[in-house]
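Please read the structure below before turning to the comments.
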Amino acid sequence: MIFLRTASAFVCACALAVMIPVGAAQAQQGPLRITIEEGIIQPLPFAVPDFQVETGEAAQLAGELSRVIAADLEGTGVFREIPSSAFIAQYSDFNAAVQFADWKAVNAQALVTGAVSVSGTNVNVKFRVYDVVSGTTLGEGLQFSGTTEGWRRMAHKIADEVYSRITGEGGYFDSRVVYVSETGPKDERKKRLAVMDYDGANVRYLTDSSALVLAPRFSPSGDRVLYTSYESGFPRIYVLDVGSVQRRVLESADGTMSFAPRFSPSGQTVAYSLTQGGNTDIYTMDINSGQSVRLTNTPAIETAPSYSPDGSRIVFESDRSGTPQLYIMSAGGGEAQRISFGDGRYGTPVWSPRGDLVAFTKQNAGRFHIGVMRTDGSEERLLSASFLDEGPTWAPNGRVIMFTRETQGEGGASSLYSVDITGRVLRKVATPEGGSDPSWSPLQQ
Amino acid sequence: MKFLPLTVLVAAVALSACTNPNRFGADDALAGNPNGGVPLNSIQPGSANDPTSTAYFNLTVGDRVLFGIDQSGLTPAGRATLDGQATWLITNSDYQAVIEGHADEQGTREYNLALGARRANAAREYLLSKGVPASRLRVVSYGKERPIEICSNEACYAKNRRAVTVLAGGGLTS
Chain W
6 MIFLRTASAF
16 VCACALAVMI
26 PVGAAQAQQG
36 PLRITIEEGI
46 IQPLPFAVPD
56 FQVETGEAAQ
66 LAGELSRVIA
76 ADLEGTGVFR
86 EIPSSAFIAQ
96 YSDFNAAVQF
106 ADWKAVNAQA
116 LVTGAVSVSG
126 TNVNVKFRVY
136 DVVSGTTLGE
146 GLQFSGTTEG
156 WRRMAHKIAD
166 EVYSRITGEG
176 GYFDSRVVYV
186 SETGPKDERK
196 KRLAVMDYDG
206 ANVRYLTDSS
216 ALVLAPRFSP
226 SGDRVLYTSY
236 ESGFPRIYVL
246 DVGSVQRRVL
256 ESADGTMSFA
266 PRFSPSGQTV
276 AYSLTQGGNT
286 DIYTMDINSG
296 QSVRLTNTPA
306 IETAPSYSPD
316 GSRIVFESDR
326 SGTPQLYIMS
336 AGGGEAQRIS
346 FGDGRYGTPV
356 WSPRGDLVAF
366 TKQNAGRFHI
376 GVMRTDGSEE
386 RLLSASFLDE
396 GPTWAPNGRV
406 IMFTRETQGE
416 GGASSLYSVD
426 ITGRVLRKVA
436 TPEGGSDPSW
446 SPLQQ
Chain V
55 MKFLPLTVLV
65 AAVALSACTN
75 PNRFGADDAL
85 AGNPNGGVPL
95 NSIQPGSAND
105 PTSTAYFNLT
115 VGDRVLFGID
125 QSGLTPAGRA
135 TLDGQATWLI
145 TNSDYQAVIE
155 GHADEQGTRE
165 YNLALGARRA
175 NAAREYLLSK
185 GVPASRLRVV
195 SYGKERPIEI
205 CSNEACYAKN
215 RRAVTVLAGG
225 GLTS
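Going down the list, the sequences are from chains W and V. In this text, residue positions in the first sequence follow the numbering used here: the first is 6, and each later residue adds one. In this text, residue positions in the second sequence follow the numbering used here: the first is 55, and each later residue adds one.
Set out below in structure tokens:
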């Protein structure tokens, strides 16, 4: 319920997002630009003073918006926040001239200012981004309108704008993650589906834990989720509407198991694993007609299919060589090309939304890793290492990966972690309970 | 649900005998011994002494077979246990069974689901070859989702790599 209202609030916010003419916004070619590559050593220092309070009711929100924006930016590892205790300039008027010398003096290179007004449950937020070094605005000022309940999404939208303007990359903060929320010891684990904002806020549970549920996957539009549930006593794939929580099973023959589903980029087709007579192969199914097509036909285990962003190919895992390795085939099946050739075992490949990389789980020498490689298997890079890391999912901009980390031993528990594709910025994602099997939504509209 | 206390009991036995894997499951020396030598007059219907009971099947015949690392082939001990299961199932023909395949925690969730299915199917194929009707056997894999032992070393992993024949229907315990 809360979500529905939030969602509608945001539809509203988007519809009302308008460009504010702020005079000459000439800084598009400005020098403030940080490129996200492997070589980033110095995070870019920025300041986000509490937004101006335009109406009395906005006092609390002004501070909270600033904090979420700062946390989004700082969390990337690409930016570093200058704490307000260091500020020389007093920020209080959105339309007053910025005292660039004062911001330079505290070493801020980027400055985000804003103003908030609240009327009843309606919120209006304006913001501008400044390149402190050149003393200019970076892009135009923008404003968002929405409801008080949707305030975090407004903050994420603003942070996405700031991130995009400075890095030249798409943002990823205004997104959600569906995952499996876990409680209890390893031999009595309870699992239920949950959805949250990418930063762990606004958790909402989508199922109860009466049946084992595994590996939810967002649809390309973020409105539906595919997942595997044992509610029939056997693993079957379900499709769930995130708004209404209505779900239905995708039909499968008696005596079979189906799991590891993933949507095609069109959202019309599901690629998945089907097990019959102990043998697991990859199939696709038209989600409306239920008509299925078998794509692989070997005695080996074929599982974990993931589409390329253009929908033409599928990367998957097979042990046809004797150990699990990664392969790419046409989305219609046929000959598959092996792409993983390093030491160890490879699984759960996921095609990057940019199309350039495949993220995977690698098991080697008693350790698990999340890694990336180019789609021809070259330039393999391992981004994490632990007792058990698995199940990567890509942020909408293809720059960050979230995954499951399970700790060792009797007290072993699962948590969600994120890592950027340079492998430098590894963070635990705060969830109310344990977490596993994350799937990142696209940027919200 | 009704099998849960037995599972706990088996786990407790296994824990107390960590250094002696022959104490339970596939390698149980009692596997296949009719009655286990219990005098007939002491038999409680449905108890582990009742040779038609689920408890007898689980503990005396042996409800599970174990597998090597990343393997789904049956071991000689596993085949011996399944021989006992086949004989018992043919004798006690009103029982159905679901064979649950499991994996240890090494490996990804998806791969382990498929591997557990291979294991369950290996047990099923063997039982079919010994004359158990296909209509009475179903298979399911839990992958690494349902470990019975929770330590992160081979002592536990060896017990988690299993195919368990879970009875349903029939007898006084149903």
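Glycine is no exception: its CB is placed at the ideal position from the N, C-alpha and C atoms.
Item: What number of angstroms, rounded off, separates the C-alpha of G440/W from the C-alpha of P225/W?; Value: 22 Å
Item: Between R192/V and G260/W, what straight-line distance do the alpha-carbon atoms span, to the nearest angstrom?; Value: 7 Å
Item: Around the C-beta of I426/W, are 16 or more other C-beta atoms found within 10 angstroms, so that it is buried, or is it exposed?; Value: buried
Item: Rounded to whole angstroms, how far is the Cβ of T301/W from the Cβ of G338/W, which I believe are closer than 8 Å?; Value: 7 Å
Item: In three-state terms, what does DSSP make of I74/W?; Value: helix
Item: Please check if any C-beta of chain W sits within less than 9 Å of the C-beta of N103/V.; Value: no
Item: Going by DSSP, what residue range makes up the beta strand (DSSP E) through S335/W?; Value: Q330 to S335
Item: Taking DSSP as the reference, what is the three-state secondary structure of T274/W?; Value: strand
Item: Taking DSSP as the reference, what is the three-state secondary structure of V143/W?; Value: Contrary to the premise, residue 143/W reads as Leu rather than Val in this sequence. Note: L143/W maps to coil in three-state DSSP.
Item: Rounding to the nearest angstrom, what Cα-Cα distance links G155/W and G80/W in this structure?; Value: 21 Å
Item: Give the residues of chain V in contact with Q413/W, contact being defined as C-beta atoms less than 8 Å apart.; Value: S206
Item: Take S446/W and list the residues in its own chain whose beta-carbon comes closer than 6 Å to its own, dropping the five residues that flank it on each side.; Value: S180, R181, F223 and G227
Item: Mind pulling the alpha helix (DSSP H) runs of 4 or more residues that sit fully within the stretch 102–151 of chain W?; Value: 105–110
Item: How would you call P354/W, buried or exposed, if buried means at least 16 neighbouring beta carbons within 10 angstroms?; Value: buried
Item: Which residue from N207/V, R200/V, Y211/V and A222/V puts its Cα closest to that of P190/W?; Value: R200/V
Item: Does the ligand NAD have even one heavy atom less than 8 Å from the beta-carbon of E79/W?; Value: Questions concerning the ligand NAD fall outside what the structure shown contains, since it holds no ligand whatsoever.
Item: Mind pulling the beta strand (DSSP E) runs of 3 or more residues that sit fully within the stretch 164–197 of chain W?; Value: 181–188
Item: Note down, in chain order, every chain W residue with its Cβ under 9 Å from the Cβ of T162/V.; Value: T308, A309, E322, P329, R350, G352, T353, T366, Q368, F373, E395 and G396
Item: Return the residue from the list D77/W, T285/W and L362/W that minimises the CA-CA distance to R325/W.; Value: T285/W
Item: Taking CB distances under 9 Å as the criterion, tell me whether R194/W reaches chain V.; Value: yes
Item: So, for A265/W: in the same chain, excluding its five sequence neighbours on each side, which residues have a beta-carbon less than 8 Å away from its beta-carbon?; Value: A220, T233, Y277, S278, T308, A309 and P310
Item: First and last residue of the beta strand (DSSP E) that includes R432/W?; Value: L431 to V434
Item: Check whether the Cβ of T436/W lies closer than 9 Å to any Cβ atom in chain V.; Value: no
Item: Let's test the definition: count the other Cβ atoms within 10 Å of the Cβ of D213/W and tell me whether it reaches 16, buried, or not, exposed.; Value: exposed
Item: DSSP state of S441/W, grouped into three classes?; Value: strand
Item: Alpha carbon to alpha carbon, how far is R85/W from F51/W?; Value: 6 Å
Item: Which partner residues does D394/W have in the DSSP bridge list?; Value: R410/W
Item: If you drop the 5 nearest sequence neighbours on each side, which residues of the same chain put their C-beta closer than 6 Å to that of Q368/W?; Value: G349 and R350
Item: Report yes if the CB atom of E236/W is closer than 9 Å to the CB atom of S215/W, and no otherwise.; Value: yes
Item: Where does the unbroken beta strand (DSSP E) through P130/V begin, and where does it stop?; Value: Per DSSP, P130/V belongs to no beta strand (DSSP E); it is in the alpha helix (DSSP H), P130 to T145.
Item: Could you give the DSSP three-state label for L211/W: helix, strand or coil?; Value: coil
Item: I'd like to check one pair, H156/V with V220/V: are the Cβ atoms closer than 9 Å?; Value: no
Item: For the stretch 255–281 of chain W, which residues have a beta carbon sitting closer than 8 Å to at least one beta carbon of chain V?; Value: G260, M262, F264, A265, S278 and T280
Item: In chain order, what residues of the stretch 172–197 of chain V put their CB closer than 9 Å to some CB of chain W?; Value: R172, R173, A174, N175, A176, R178, E179, R192, V193, V194, S195, Y196 and G197
Item: Write down the C-beta distance between A176/V and L128/V rounded to the nearest angstrom, noting that I regard them as a contact closer than 8 Å.; Value: 6 Å
Item: P240/W touches chain V at which residues, Cβ-Cβ below 8 Å?; Value: L167, V194 and S195
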